[in-house]
């Protein structure tokens, strides 16, 4: 008989230590690296006040939708309908304005569309038990259908009728674009919601272990539903702001946000925490991608490279944080 | 290889022989010095209480668990079985309680999956699959449709499919773990006939069951396990029911009365009462009473419906019959949430999957489900980590939880300290009735004592505790022990009458009565 109950060795190899570090701070390292490289390559243009403001302005709408998605991801669910929800909300607000509906009512209608989609997603996932991937993909397709029913696939320019709607997003306060303020407020509210409220803690608990959460008396269906509904609402807000920026409702205007939001949220798991979705991480993820896009455009790289960059960045960051998490669990 | 000389194929060489097999998990010996033979054409019954080592032993033979020491001889040749795949190649088949069938595959596909020679150039040969399945089906007298998904079949039919899978592989050795647990009488009879026929055809069968009647009927040999050792070996006709029970229970010490236990008077108020509880499935007729200050144990074999009974009380399983009262008032709950609101707490069986979020902190785990209590005022929408930390620290001190600080992941704690976190969670919420399901499983001795002390302190404050446990030492903290057999409460033990022997003989003798009835 051998008594082999010795503890696993606690010493880390240099490779493991580096992986852990990169896994935990990966996105921040990349962001710092990008800033450094672009500052050297385009010293006159990149690290200027105007360009920094520009990067945040480019981040604003993506950050709003991505932070909403973060709630769903934190609850260990998925929402692939967000981009289509944003498009539909944009079309709704634009078509309403063209029809002569007052601005506040038009916005309200668009937001209600978002909430409706969230409710539909949550019923499918929490009541009927449909896999979230499939449910939200299906609902997303329904959203596209309604979108084209309203718009016929054509842009809905309202600019000529209601120029005031454009002013909601275009324009600055104290030299900073309004969208950046909206982003700051919404991100702050979501951070407080996820970290400082009972609902937020329950979302995190459901994401960590849904069965254990149910067995301490939490209504896990309600918690998951809330995450879906808030996420869709934020997608709708993004769609409304996008319509305001563009000056028209575009049938596919928000579609691209799905990929962008997922990329940012997953990048965010490699910020400060090991593999958890969190609001500040997602924000850093959005800003990192935006910085990359901005810098690449400044140094004159063709736009296909930007998508290569986003893809490779995402894969690398998530790989590192996945490996890091495994190492942590193995007790390294 | 000198030990195995030339007699490898004589008739007396057992198909499988284990010599002095030992297996330890940490400091616990699950098997110590077990020697056993399985012969061709014989049914070999294995009996023993929960955790006596039967399943561990079969897992060693099946390559799922490596022995710490000892040797295996297959066909008289010493060798190791490194993996379940190797056991499969040796012609060994294992049929477990949780049948490993693929629900959406047909009986045909389930029986022939993984077989060689059923595919040509990578394409499945449907005709060959049908031919082989039909041969097996005929042998087992399967009359149901072999082409529908097995999830549409009855439990008994699925059991037959599992046996069919073994036969399709021409298994020489088939181990069955509690095969009759979910079968009706008629279905049992059919299974017994099949088991006998298989033995006649030369298959060696290991048959594990808690039902001593069927063991006696079927087995050519019986081996009794207790605490990882063999405590009895019998051959057909050479033993009585009492011999088996004696082997299962051993000559045990009296468990009570305990020194530390606080007396509970018979006229103490009843906190919780269940009468004739059923859930239409595993809980059939459960009645018990818990008084203020009392710890009541529920004993029984695996599958007796003990955890399910707790599930009904906790609002997690819907009752179909019976009634419950809490503090004298009718107790109906529609959900776990309702039960928790009424002051019922559950410490579940599977700590990792059912109780804790392993990656989250001690503090988070202690407070989860109870964040509202950390708000600075009722109207405030915000939770307070400061308050959560304070409560957690107080609980860590009270329960002597060994953790550097409340913020470290609960994953880094020992099993005992993790379990204390689960206890602390409910103590902080002011639970009235604690339902404990195997509360010290995987917990070291020192932490066990502390957990039991916590339970006793909780009860002595006038609260009620129900403990489901398969460990006799643990049941010894109970004032009374309710015995459950096949979904029914069949009796109670109390005071000086509480002994391991009394309990096990109540479990096994009750079966005898049911069989005779």
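Residue numbers (the working numbering), protein chains in the order written: chain A, 280 to 611; chain B, 1092 to 1608.
Glycine residues also receive a C-beta, built at the ideal position from the N, C-alpha and C atoms.
These figures come from a predicted structure and were not determined experimentally.
Pairing CB atoms from the region 1583–1603 of chain B with CB atoms from the region 1334–1341 of chain B, are three or more of them under 8 angstroms? Contact holds: three or more Cβ-Cβ distances are below 8 angstroms.
Member of B:1122, B:1382, B:1358, B:1130 whose CA lies at the smallest distance from the CA of residue 1571 of chain B: Along the second chain, one-based indexing puts residue 1571 of chain B at 480. Taking the Cα of residue 1571 of chain B as reference, the smallest distance to any Cα among B:1122, B:1382, B:1358, B:1130 is reached at B:1382.
In chain order, which continuous runs of the beta strand (DSSP E) of length 3 or greater are located wholly inside the region 1543–1606 of chain B? As far as the region 1543–1606 of chain B is concerned, its whole beta strand (DSSP E) runs of at least 3 residues are 1555–1559, 1571–1576, 1579–1585.
Have a look at B:1597, B:1523, B:1489, B:1120 and flag the residue whose alpha-carbon is nearest the alpha-carbon of residue 1545 of chain B. As a first step, residue 1545 of chain B must be located in the second chain, where it is residue number 454. Of B:1597, B:1523, B:1489, B:1120, the residue nearest in Cα terms is B:1489.
According to the neighbour-count rule (16 or more other Cβ atoms, all chains shown, within 10 Å of its Cβ), is residue 504 of chain A buried or exposed? Residue numbering aside, residue 504 of chain A sits at position 225 when the first chain is read from its first letter. Its Cβ being crowded by 16 or more others within 10 Å, residue 504 of chain A is buried.
Kindly indicate if chain B contains any beta-carbon less than 7 angstroms away from that of residue 548 of chain A. As a first step, residue 548 of chain A is located in the first chain; it is residue number 269 there, counting from the start. So no, residue 548 of chain A is outside the interface.
On the DSSP bridge assignment, give the partners of residue 1265 of chain B in chain order. Indexing the second chain from 1 puts residue 1265 of chain B at position 174. As computed with DSSP, residue 1265 of chain B is found in a beta bridge with B:1184, B:1296.
Closest by CA to residue 550 of chain A, which one among A:309, A:296, A:297? For the purposes of this step, residue 550 of chain A is identified with residue 271 of the first chain, where counting begins at 1. For residue 550 of chain A, the closest C-alpha among the options A:309, A:296, A:297 is that of A:309.
Please return the same chain residues whose Cβ sits closer than 6 angstroms to the Cβ of residue 1626 of chain B, not counting the five positions on each side in sequence. Outside the displayed span of chain B (1092 to 1608) sits residue 1626 of chain B, for which this structure offers no information.
For residue 1449 of chain B, I'd like the list of residues in its chain whose CB is within less than 8 angstroms of its CB, leaving aside the five on either flank, ordered along the chain. In the second chain, residue 1449 of chain B corresponds to position 358, counting from 1. Around residue 1449 of chain B: 1443, 1500, 1501, 1502.
Can you check whether the CB of residue 473 of chain A is closer than 7 angstroms to the CB of residue 542 of chain A? The residue labelled residue 542 of chain A in the question sits at position 263 within the first chain. The residue labelled residue 473 of chain A in the question sits at position 194 within the first chain. The answer is no: Cβ separation not under 7 angstroms.
Does residue 354 of chain A get closer than 7 angstroms to chain B when you measure Cβ to Cβ? By 1-based counting over the first chain, the position of residue 354 of chain A is 75. Answer no: the Cβ-Cβ gap between residue 354 of chain A and chain B never drops below 7 angstroms.
In chain A, which residues lie less than 7 angstroms from residue 1439 of chain B when you measure between Cβ atoms? What you label residue 1439 of chain B is simply residue 348 of the second chain in a count that begins at 1. Near residue 1439 of chain B (Cβ distances below 7 angstroms), the residues of chain A are 494.
Expressed to the nearest angstrom, what Euclidean distance is found between the alpha-carbon atoms of residue 1429 of chain B and residue 1563 of chain B? Counting from one through the second chain, the residue named residue 1429 of chain B turns up at place 338. Counting from one through the second chain, the residue named residue 1563 of chain B turns up at place 472. For residue 1429 of chain B and residue 1563 of chain B, the distance between alpha carbons rounds to 32 angstroms.
For the 8 angstroms Cβ check, are there 3 or more pairs between the region 394–402 of chain A and the region 505–518 of chain A? Touching, per the Cβ criterion.
Beta carbon proximity, residue 487 of chain A to chain B, threshold 7 angstroms: Residue 487 of chain A sits at position 208 when you count from the first residue of the first chain. Closer than 7 angstroms to some Cβ of chain B, the Cβ of residue 487 of chain A qualifies, so yes.
Extent of the continuous alpha helix (DSSP H) run through residue 1377 of chain B: Your numbering for residue 1377 of chain B matches position 286 in the second chain. Going by DSSP, residue 1377 of chain B is part of no alpha helix (DSSP H) but of the beta strand (DSSP E) stretching over 1377–1382.
Which one or two residues does DSSP pair with residue 435 of chain A in a beta bridge? In the first chain, counting from the first residue as 1, residue 435 of chain A sits at position 156. Note: residue 435 of chain A is bridge-paired with A:528 in the DSSP secondary-structure output.
Taking Cβ positions only, does residue 563 of chain A come closer than 7 angstroms to chain B? Indexing the first chain from 1 puts residue 563 of chain A at position 284. With a threshold of 7 angstroms between beta carbons, residue 563 of chain A makes no contact with chain B.
Straight-line CA distance for residue 1159 of chain B to residue 1112 of chain B? Indexing the second chain from 1 puts residue 1159 of chain B at position 68. Indexing the second chain from 1 puts residue 1112 of chain B at position 21. So the two alpha carbons sit approximately 8 angstroms from each other.
Buried or exposed for residue 590 of chain A, please, with buried defined as at least 16 other CB atoms from any protein chain shown within 10 angstroms of its CB. For the purposes of this step, residue 590 of chain A is taken as residue 311 along the first chain, with counting starting at 1. When all chains shown are included, residue 590 of chain A counts as exposed.
Are the C-beta atoms of residue 459 of chain A and some chain B residue less than 7 angstroms apart? If you number the first chain from 1, residue 459 of chain A lands on position 180. Output row for residue 459 of chain A: interface = no.
Quick one, are the C-beta atoms of residue 334 of chain A and residue 573 of chain A less than 7 angstroms apart? Position 55 of the first chain, counted from the start, is the residue given in the question as residue 334 of chain A. Position 294 of the first chain, counted from the start, is the residue given in the question as residue 573 of chain A. Contact flag set, yes.
Once DSSP output is grouped into helix, strand and coil, what is the label at residue 293 of chain A? Position 14 of the first chain, counted from the start, is the residue given in the question as residue 293 of chain A. Note: residue 293 of chain A maps to helix in three-state DSSP.
Any chance the region 1573–1585 of chain B sits against the region 1365–1383 of chain B, with 3 or more Cβ pairs inside 8 angstroms? Taking a contact to require three or more Cβ pairs closer than 8 angstroms, the region 1573–1585 of chain B and the region 1365–1383 of chain B qualify as touching.
Cut-off 7 angstroms between Cβ atoms - residues of its own chain near residue 1154 of chain B, not counting five sequence neighbours on either side: In the second chain, the residue the question calls residue 1154 of chain B occupies position 63. Residues 1172, 1173, 1174, 1175, 1177, 1178 of the same chain have their beta carbon placed closer than 7 angstroms to that of residue 1154 of chain B, with the five preceding and five following residues left out of the count.
Should residue 1116 of chain B be labelled buried (16 or more other beta-carbon atoms within 10 Å of its own) or exposed? Within the second chain, residue 1116 of chain B is the residue found at index 25, counting from 1. Residue 1116 of chain B comes out exposed.
Just to confirm, is the Cβ distance from residue 1301 of chain B to residue 1387 of chain B under 7 angstroms? Here the question's residue 1301 of chain B lines up with position 210 in the second chain. Here the question's residue 1387 of chain B lines up with position 296 in the second chain. No, they are not a contact pair.
Under a CB-based cut-off of 7 angstroms, is residue 222 of chain A close to chain B? A question about residue 222 of chain A goes unanswered here, because the residues of chain A that appear run from 280 up to 611.
Shorter than 7 angstroms from the beta carbon of residue 1462 of chain B to some beta carbon of chain A? In the second chain, counting from the first residue as 1, residue 1462 of chain B sits at position 371. Closer than 7 angstroms: yes.
Might you give, ordered along the chain, the residues of its own chain that have their beta carbon closer than 6 angstroms to the beta carbon of residue 536 of chain A, omitting 5 neighbours on each side? Position 257 of the first chain, counted from the first residue, corresponds to residue 536 of chain A. Short of 6 angstroms from the beta carbon of residue 536 of chain A, and not among the five residues preceding or following it, lie these beta carbons of its own chain, in chain order: 344, 362, 365.
DSSP state of residue 1116 of chain B, grouped into three classes? Reading the second chain from its first residue, position 25 is the one you call residue 1116 of chain B. Per DSSP, reduced to three states, the secondary structure at residue 1116 of chain B is strand.
As a quick exercise: from B:1233, B:1462, B:1259, B:1506, pick the residue whose alpha carbon is nearest that of residue 1205 of chain B. In the second chain, the residue the question calls residue 1205 of chain B occupies position 114. Nearest of B:1233, B:1462, B:1259, B:1506 to residue 1205 of chain B, Cα basis: B:1259.
Can you tell me whether DSSP reads residue 594 of chain A as helix, strand or coil? Residue mapping note: residue 594 of chain A aligns to position 315 of the first chain, counting from 1. If DSSP states are grouped into helix, strand and coil, residue 594 of chain A belongs with the helices.
Judging by CA-CA distance, which residue of A:534, A:601, A:485 is the nearest neighbour of residue 1459 of chain B? Within the second chain, residue 1459 of chain B is the residue found at index 368, counting from 1. The shortest Cα separation from residue 1459 of chain B among A:534, A:601, A:485 belongs to A:485.
Residue range of the beta strand (DSSP E) that includes residue 1416 of chain B: Position 325 of the second chain, counted from the start, is the residue given in the question as residue 1416 of chain B. Note, residue 1416 of chain B: beta strand (DSSP E), 1412–1417.
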